[in-house]
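So the structure is just underneath, and the comments pick up after that.
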Amino acid sequence: MQTAARKGNVELQQVVVEFAGRAGSVRAVEQLSLSVPSGQFLAVLGPSGCGKSTLLNVVAGFIAPTQGDALLDGHLIAKPGAERGVVFQQPTLFPWKTVRENIALGPRMAGLRVAEVERVTRHFMDLVGLTLFAEQYPDALSGGMQQRVGIARTLANNPSVLLMDEPFGALDAQTRELMQENLLRIWEENRTTLLFVTHDIEEAVFLADRVILMSARPGRIIADIAVDLRRPRAANVIDSAEFTRLKKQCRELIRTESIKAFEEQEHAAA
Amino acid sequence: MASGEANARGAGLPAARTRPPTPRSREILVRLALYLSLPAFLLLWQLVSASGAVNRILTPAPTDVVTAIGRALRDGTLLVDVGWSVARVIVGYAAGAVLGILAGLLTARFKLVDNLLSPTLQTLRPIPPIAIVPLTIIWFGLTEGAKYFLIAWGVFFVVWIATYMGVRRISPLLIRAAQSLGVPEKRMLREVIFPGALPYIAVGLRTSVTIAFYSLVAAEVAGAFAGIAYRVNVSHQNMQTSLMIGSLLVLGLVSAAADYAFNAVARRVVFWH
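So this is what it looks like as structure tokens:
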């Protein structure tokens with residue numbers, strides 16, 4: 001954990017991502033540069049279709065940038081790897097593996113000894129409160145529980161960067177709040193670099209050290225806001241004046257951006 | 271089929287509720303029809319055969335069929351026939367299934383293998399096993415190898431296509447998840463691709479149990495010295511119609527038992543689907 005804390009510096013240099021569309025190529029991310037220091041909780045906030053998931057997929061190694069470079073601790077990111085743990089919007093568990101087997105997959109692939117795999121798996125099952133469900137298959141679990149398995153499975157690999165793509169987006173409001181608090185509790189213990197994509201302003205401000213706002217497609221960073229709320233963060237922080245101020249700031253910036261994007265579309269249509 | 275219809279009826283509950291309630295006596299009659307179906311059929315058959323309206327040698331009664339099968343059971347020929355047929359199905363099926371799964375995994379995973387094999391396999395696929403019987407006799411003679419080949423031929427293509435589709439339908443997200451959990455490319459097949467395709471493979475394997483028996487008939491009728499379908503053919507030539515019908519029933523029974531056994535195993539192996 002100690003060594004992992006110093007690792008996890010993410011660096012994006014002039015990254016451009018283009019997709020082949022029906023009418024030529026579509027630019028999803030435009031000349032984006034970003035530096036995320038080790039141990040930072042970064043929320044990537046923006047309207048849907050702004051390329052924030054694309055950005056995460058570049059760091060995960062699922063998509064190669066059309067131009068520019070993505071680096072982790074000075075090394076070029078070329079393909080997916082266990083040092084960059086991904087939590088998807090849908091839990092994406094292996095339905096033929098039990099909760100325990102899903103969590104054990106990463107440690108097993110890392111070549112740990114059987115006893116060590118067992119110990120790590122048990123630790124992370126315990127951390128997300130699923131020890132009683134160890135031998136259940138994903139089908140038998142609720143959406144929130146499945147996502148907890150997804151998070152535990154990723155954490156069990158001890159990654160230097162966590163990448164989360166709207167991980168609580170598909171959950172109901174109550175479960176979502178509990179999951180946010182759970183995530184904060186777990187993250188505040190080991191402080192791994194975390195890139196968290198969301199379109200929920202409150203979620204971004206509640207969780208993160210820093211919020212970047214992305215513009216509508218092609219995605220650029222239009223604001224970079226530091227969130228200096230005290231840690232460990234309690235659930236009632238959302239009632240504080242500072243929280244309200246930050247939320248308002250984000251909302252106004254997004255509103256301006258949305259109107260601009262809307263007008264540009266109108267222009268393009270006219 | 272029957273359960274599908276029952277489900278469809280169940281789904282239409284609101285419509286059923288508007289109908290007047292069925293009287294209890296009618297319900298009993300409906301239930302009784304289920305249990306009467308087979309006995310009534312056998313009784314009718316027996317009566318027609320015994321009435322003298324038809325030639326009893328050409329259309330033997332159920333009792334004649336039972337007698338013929340009983341005789342075959344006592345003199346041991348029935349057991350020998352079943353033994354040969356089942357052995358042929360097992361060997362041919364296993365060979366076809368293993369090759370089909372391998373070909374499916376490789377063609378679905380590697381574009382080079384796909385381009386290299388699929389056009390040829392797709393050309394051969396529509397040829398029914400029965401049509402290549404003469405060719406297998408030229409190549410293998412009246413050997414067991416010829417029978418294995420025919421059965422494997424029928425099974426291979428079904429399993430190949432099912433495996434191919436199964437691999438292609440695995441969610442790309444599941445593969446991404448495995449990659450970022452550190453599953454190396456060479457273990458992807460075992461950890462994700464094969465189990466991910468297993469529900470489809472199981473459907474292909476089950477369909478081809480029946481196909482294996484179709485192919486068995488083609489193989490045994492063309493030239494064999496024992497086997498259930500061979501017995502059907504020989505008893506036809508000897509005008510032993512009772513034994514012929516009896517053998518057909520045994521063939522159906524063995525095929526149904528194989529399907530049932532396979533399904534019982536598959537439900538345990540592919541439990542998540």
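Taken in order, these protein sequences are the chains called A and B. Going by this note's numbering, the first sequence runs without a break in its numbering and finishes at 270. Going by this note's numbering, the second sequence runs without a break in its numbering and finishes at 543. The beta-carbon is built from N, C-alpha and C at its ideal position, and this holds for glycine as well.
Query	Result
For Gly497 of chain B, three-class secondary structure by DSSP	coil
DSSP state of Thr329 of chain B mapped onto helix, strand, coil	coil
Gly39 of chain A to Asp224 of chain A span [Cα, whole Å]	17 Å
Three-state secondary structure assigned by DSSP to Met1 of chain A	Below a pLDDT of 50, predicted positions are generally treated as unreliable, and Met1 of chain A, at 44, falls in that range; the measurement from the model is reported next regardless. Met1 of chain A falls in the coil class under three-state DSSP.
Residues of the segment 452 to 468 of chain B with Cβ closer than 9 Å to any Cβ of chain A, in chain order	Gly452, Val453, Pro454, Arg457, Glu461, Val462, Pro465, Gly466 and Leu468
Cβ shell of Phe419 of chain B (< 7 Å), same chain only, five flanking positions each side left out	Thr406 and Phe410
Below-7 Å beta-carbon distance, Ile80 of chain A vs any chain B residue	At residue 80 of chain A the sequence reads Pro, which differs from the Ile that was named. Interface residue, yes.
Neighbourhood of Ala243 of chain A by C-beta, 7 Å cutoff - its chain only, sequence neighbours within 5 removed	The sequence given here places Phe at residue 243 of chain A; Ala does not occur at that position. Contacts found: Val205, Leu229 and Val237.
Bridge-paired residues (DSSP) for Ser35 of chain A	A:Glu11
Pro167 of chain A: contacting residues in chain B (beta-carbon distance under 9 Å)	Going along chain B, no residue has its Cβ under 9 Å from Pro167 of chain A, so there is no contact; the nearest lies around 13 Å.
Amino acids of chain B, ordered along the chain, whose beta-carbon sits closer than 7 Å to that of Thr92 of chain A	Leu443, Leu444 and Ala447
Cβ neighbours of Glu275 of chain B in the same chain (closer than 6 Å, five flanking residues each side left out)	Because the pLDDT of Glu275 of chain B is 43, which lies under 50, any placement of that residue in the model is unreliable, and the question is left without a value.
Beta-carbon proximity check, Ala152 of chain A vs Phe133 of chain A, cutoff 7 Å	no
First and last residue of the uninterrupted beta strand (DSSP E) at Gly68 of chain A	Gln67 to Leu72
C-beta atoms of Phe41 of chain A and Ala208 of chain A nearer than 7 Å	yes
Burial state of Pro80 of chain A (16 or more Cβ within 10 Å)	buried
Buried or exposed by the 16-neighbour rule on C-beta atoms within 10 Å, applied to Ala140 of chain A	exposed
Counted within 10 angstroms of its Cβ, other Cβ atoms place Gly370 of chain B as buried (16 or more) or exposed	buried
Neighbourhood of Ile136 of chain A by C-beta distance below 7 Å, restricted to the same chain and skipping five residues each side	Reading the sequence as shown, one finds Gln at residue 136 of chain A and not Ile. Excluding positions up to five away in sequence, the list reads Thr98 and Val99.
Secondary structure, beta strand (DSSP E): runs of 3+ residues fully inside the segment 89 to 171 of chain A	161 to 165
Contact under 7 Å by Cβ, Pro404 of chain B with Trp423 of chain B	no
Nearest-angstrom Cα separation, counted from Ala156 of chain A out to Glu83 of chain A	11 Å
C-beta contact flag for Gly68 of chain A and Val16 of chain A at 7 Å	yes
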